[in-house]
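*Asks:*
Numbering (the working numbering), first residue to last: 19 to 644.
1) With burial defined as no fewer than 16 other Cβ atoms inside 10 Å of the residue's Cβ, what is the status of residue 328: buried or exposed?
2) Per the contact definition of three or more C-beta pairs closer than 8 angstroms, is the stretch 549 to 557 in contact with the stretch 88 to 101?
3) Can you have a look at residue 635 and say buried or exposed, based on whether 16 or more other CB atoms are within 10 angstroms of its CB?
4) In its own chain, which residues sit with a C-beta less than 7 angstroms from the C-beta of residue 351, not counting the 5 before and 5 after it?
5) Closest to residue 530 by CA distance: which of 298, 512, 506, 135 is it?
6) Is it the case that the Cβ atoms of residue 152 and residue 197 are separated by a distance below 8 angstroms?
7) Would you list the one or two residues that DSSP bridges to residue 601?
8) Which two residues bound the contiguous beta strand (DSSP E) that contains residue 201?
9) Select from 86, 571, 45, 371 the residue whose C-alpha is nearest the C-alpha of residue 109.
10) So if DSSP puts residue 62 in a beta bridge, which residue, or which two residues, is it bridged to?
11) Could you spell out where the beta strand (DSSP E) holding residue 281 opens and where it closes?
12) When the Cβ atoms of the stretch 581 to 588 are set against those of the stretch 482 to 490, are three or more pairs found closer than 8 angstroms?
13) Would you kindly work out how many angstroms separate the C-alpha atoms of residue 289 and residue 381, rounded to a whole number?
14) Using only the alpha-carbon positions, how far apart do residue 225 and residue 165 sit?
15) Looking only at its own chain, which residues have a Cβ that is under 8 angstroms from the Cβ of residue 142, when we skip the five neighbours before and after it?
16) Which residues does DSSP list as the beta-bridge partners of residue 499?
17) Nearest by alpha-carbon distance to residue 511: which of 493, 115, 502 is it?
18) Could you have a look at residue 442 and say whether DSSP puts it in helix, strand or coil?
19) Where does residue 528 land, buried or exposed, given buried means 16+ other C-beta within 10 angstroms?
20) DSSP three-state call for residue 526: helix, strand or coil?
21) Which residues in the same chain have their Cβ closer than 6 angstroms to the Cβ of residue 84, if we skip the five residues on either side of it in sequence?
22) What's the C-alpha gap between residue 194 and residue 253?
23) If you compare alpha carbons, which of 149, 428, 416 is closest to residue 473?
24) Just checking my contact of residue 255 with residue 280 at CB under 8 angstroms: how many whole Å lie between their CB atoms?
25) Since I believe residue 293 is in contact with residue 259 (beta carbons under 8 angstroms), could you give me their beta-carbon distance rounded to a whole number of angstroms?
26) Look up residue 28 in the DSSP assignment and give the residues it is bridged to.
27) Comparing alpha-carbon positions, which option in 236, 413, 385 lies nearest residue 122?
28) With distances taken Cα to Cα, identify the nearest neighbour of residue 103 among 563, 179, 22, 217.
29) Hey, quick one: how far does the alpha helix (DSSP H) through residue 184 stretch, first residue to last?
30) To the nearest angstrom, how far is the alpha carbon of residue 360 from that of residue 598?
31) Starting from residue 358, trace the beta strand (DSSP E) in both directions and tell me its first and last residue.
32) Going by the DSSP bridge assignment, what does residue 236 pair with across the sheet?
33) Measure the beta-carbon distance from residue 539 to residue 606 and round it to whole angstroms, keeping in mind my assumption that it falls under 8 angstroms.
34) According to the neighbour-count rule (16 or more other Cβ atoms, all chains shown, within 10 Å of its Cβ), is residue 41 buried or exposed?
35) Would DSSP call residue 350 helix, strand or coil?
36) Enumerate in chain order the residues of its own chain whose CB-to-CB distance from residue 387 is below 6 angstroms, with the five nearest sequence positions on each side excluded.
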């Protein structure tokens with residue numbers, strides 16, 4: 019009597035960072051000796067080895083809830099063939115859920131100019147599922163359904179992928195991808211350990227850096243840095259690779275200091291790193307002018323405090339102590355040197371509650387009365403306007419957010435003002451917009467205790483949530499009820515780049531339950547539930563003709579009208595010189611992930627396309643979408 023081969027699930031992994039509030043996705047490779055295709059396999063998520071109940075426990079995607087914090091999750095699959103044969107359950111390795119990314123809190127990353135979660139981005143963290151990651155000119159995709167890896171974008175921005183790495187990834191699926199502006203890194207399992215594969219414009223042809231046994235990976239504009247797991251004795255605790263003068267070489271003095279004080283997280287400006295330790299100490303390396311060297315005076319101050327948080331501008335760091343102390347270093351004009359009068363104003367009001375960075379300036383919110391104090395380049399956010407200063411000194415700041423070269427603060431009284439480069443969101447807010455903001459805030463009845471945590475771009479009030487978003491040139495205030503329904507939307511800044519919306523878009527946003535807000539350099543994308551339809555995309559801002567993604571191509575509209583889980587973006591780095599009078603076209607893009615395993619890409623530097631990977635009889639091939 020003949021028998022049919024039992025299906026097998028192999029290479030079971032979890033794709034994404036298990037960060038509270040984000041998604042992770044289960045992934046595996048289906049195998050059957052009789053080549054029977056896969057039927058409806060069964061999925062199961064475990065929390066501390068106990069199955070998660072409800073529909074979320076048997077779905078391919080898992081949203082990480084706050085109650086999962088510091089607990090372990092596993093993904094399991096029981097493979098089923100199309101002819102009904104059922105295989106054995108196979109499980110992934112367990113991974114620990116955290117409220118931060120590798121020691122860096124969401125607030126630290128959101129408040130820094132260059133985002134700190136190992137994926138090249140500005141204005142907002144990219145989704146933590148890491149299915150898509152982006153350099154400044156290319157997307158990298160780990161397709162969870164096939165475990166193939168796909169790339170789309172421009173040569174020189176991490177593409178092409180070296181042939182040797184293509185061959186390796188055919189049989190060793192990456193669990194996570196990381197990026198700099200022009201480089202990719204892939205973390206793959208390697209027996210009981212792992213291996214980091216790196217390639218791109220800034221990766222040296224030869225090196226002696228250890229790229230195994232990696233605990234966590236970080237990036238600046240041109241380098242990767244990482245913390246090793248289980249290092250002991252005189253072994254290095256951290257490593258780096260990339261441009262040698264921008265963080266790719268770590269001084270031995272720092273390595274020796276970490277023997278006795280373990281690293282917790284690595285923060286970055288555009289071309290320098292700062293490692294924060296268990297004992298609250300800080301060591302920096304990389305470009306000495308942009309944060310890679312700490313002055314003797316700053317080092318003395320850092321040595322007398324326990325550093326809890328670090329926020330980074332493009333060329334300067336700001337360290338915050340557990341008692342509200344503040345120390346800056348890096349490019350002095352860009353925020354690396356805080357004027358004595360500004361420091362005194364902060365200390366006289368209890369020290370620092372929080373700090374937000376633009377490209378070339380910082381804005382601190384004080385502890386006691388939540389006043390705002392800014393410093394850095396005067397025309398780019400470092401010097402407040404008179405109207406902004408009046409709000410700042412009254413205190414009660416509820417929200418603070420930066421564009422590329424400007425800031426905006428909103429108080430619990432509904433007062434709002436922006437300052438900095440006028441055409442980049444820093445123009446004074448019009449009276450009509452002020453009235454809209456004031457009404458939106460007062461409707462939420464914010465109280466002083468609503469900002470008892472760190473002041474940033476989000477405030478949780480009794481009736482709901484206020485969130486302030488930005489891109490290069492505009493701001494977007496979203497007010498939601500506690501069940502997610504929209505109460506108010508207000509936009510301002512450069513009209514063509516997200517600072518204005520049509521009546522149709524406004525009405526659609528007001529009638530939708532918004533589940534995610536994303537941006538490119540000059541556009542916004544929103545994912546929303548509309549009635550019984552999940553995952554509809556709404557976009558506005560700089561258009562396709564302007565080489566951006568603020569409009570949906572008509573031929574792709576049907577794929578973006580429902581079932582979108584997340585949006586991802588390619589963003590371009592700002593010019594080095596002072597803000598130009600008009601924003602230049604810089605061709606960023608969006609990518610959307612749909613529930614059925616298909617993807618949609620559109621914008622300035624990718625081919626507008628709908629794509630659904632189709633696994634062949636031999637899976638695991640790496641392809642490039644060209």
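Cβ atoms here follow ideal geometry from the backbone N, Cα and C, with glycine treated the same way.
Because the structure is a prediction, the values reported are computed rather than measured.
*Replies:* The short version:
1) Buried is the call here.
2) no
3) Unreliable placement is indicated for residue 635, whose pLDDT of 30 sits below 50; no coordinate value is reported for it.
4) Same-chain partners within the cutoff: 395.
5) The candidate whose alpha carbon is nearest that of residue 530 is 506.
6) yes
7) BP columns for residue 601 are empty, so no partner.
8) 201 to 208
9) Closest by C-alpha distance to residue 109, out of 86, 571, 45, 371, is 45.
10) According to DSSP, residue pairing for residue 62 in a beta bridge involves 94.
11) It spans 281 to 286 - the beta strand (DSSP E) in which residue 281 sits, taken as one unbroken run.
12) no
13) 21 angstroms
14) 29 angstroms
15) 128, 133, 487, 535, 536, 537
16) According to DSSP, which records beta bridges pairwise, residue 499 is partnered with 482.
17) 493
18) helix
19) exposed
20) helix
21) 38
22) 25 angstroms
23) The residue with the shortest Cα to Cα distance from residue 473 is 416.
24) 6 angstroms
25) Not confirmed; about 15 angstroms, so no contact.
26) 47
27) Checking every option, the nearest Cα to that of residue 122 belongs to 236.
28) 22
29) 181 to 189
30) Straight-line Cα distance between these residues: approximately 28 angstroms.
31) Looking at the DSSP string, residue 358 is not in any beta strand (DSSP E); the run it does join, the alpha helix (DSSP H), is 358 to 365.
32) For residue 236, which the question treats as bridged, DSSP gives the partners 243.
33) 5 angstroms
34) Buried: at least 16 other Cβ atoms inside 10 Å.
35) DSSP, read as helix, strand or coil, puts residue 350 in helix.
36) Excluding sequence neighbours, residue 387 sits near 367, 413.
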